[in-house]
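K.L.:
Take the sequence shown: its letter number 58 is residue 58 in my numbering, and every next letter is one higher.
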Amino acid sequence: MEGGGRNIGEEKKKKVMVAIDENECSFYALKWALENLYESLQNSEVVLLTAQPISDYGYIYASSFGVASPQLMASVQQNQKKVANALLKKAKDFCTQHEIVAETMTQMGDPKDTICEVAEKLHVDLLVLGSNNKGALHRAFLGSVSNYCVHNAKCPVLVVRKMP
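#1: Our contact map puts residue 27 next to residue 119 with C-beta atoms below 8 Å; I'd like the distance itself, whole angstroms only.
#2: Distance, Cα to Cα, residue 99 vs residue 154?
#3: Going by DSSP, which residues form a beta bridge with residue 45?
#4: Given that a residue counts as buried once 16 or more other Cβ atoms are within 10 Å of its Cβ, and exposed if not, what is residue 46?
#5: Excluding sequence positions up to five away, which residues of its chain have a Cβ less than 6 Å from the Cβ of residue 146?
#6: Please identify the residue among 81, 164 and 42 whose C-alpha is closest to the C-alpha of residue 51.
#7: Since I believe residue 44 is in contact with residue 15 (beta carbons under 8 Å), could you give me their beta-carbon distance rounded to a whole number of angstroms?
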């Protein structure tokens, strides 16, 4: 036994988090990680996260002249949950095909902030993100999730860009 109560040679598993969204670039990043970091991922805890933005339901009220029913609101929220579950199922199935065990989680909030917060909370050792190759003008006005995470996450960030 070593000083920390662990056996010599026993290492703490690394934790890798892959952010998944509707964009094909996030699935490309997952695929890239599974193919290029396979041995590392086999010995790591893998977390698949989808960060669902909190919807602005103002458009529903406007389109229904301010009389949106609670059933309509519940239906929109339920649909958002179905989309998140489908994304995570697809990603988890992809991991399973590569013999990688992964846990899934959905968090609500601005994806940029949510991804960084969850990575910090879970003590992630590596954050993997896809890049959807937005132009400089788009990034300047709207920002980029991957750029934000590179500068604000408290762990190393791997941004995988799909080459044309």
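A virtual CB, placed ideally from N, CA and C, is assigned to each residue, including glycine.
Nothing here was measured: the structure is a model prediction, and the numbers come from that model.
P.N.:
Put simply:
#1: That pair is no contact at about 19 Å.
#2: Using only the alpha carbons, I get a separation of about 28 Å.
#3: Answer by DSSP bridge pairing, in chain order: 15.
#4: By the neighbour-count rule (16 or more Cβ atoms within 10 Å), residue 46 is buried.
#5: In the same chain as residue 146, and ignoring 5 residues on each side of it, the C-beta atoms closer than 6 Å to its own belong to 129, 131 and 159, in chain order.
#6: Ranking the options by Cα distance to residue 51, first place goes to 81.
#7: About 6 Å separates the two Cβ atoms, so the contact holds.
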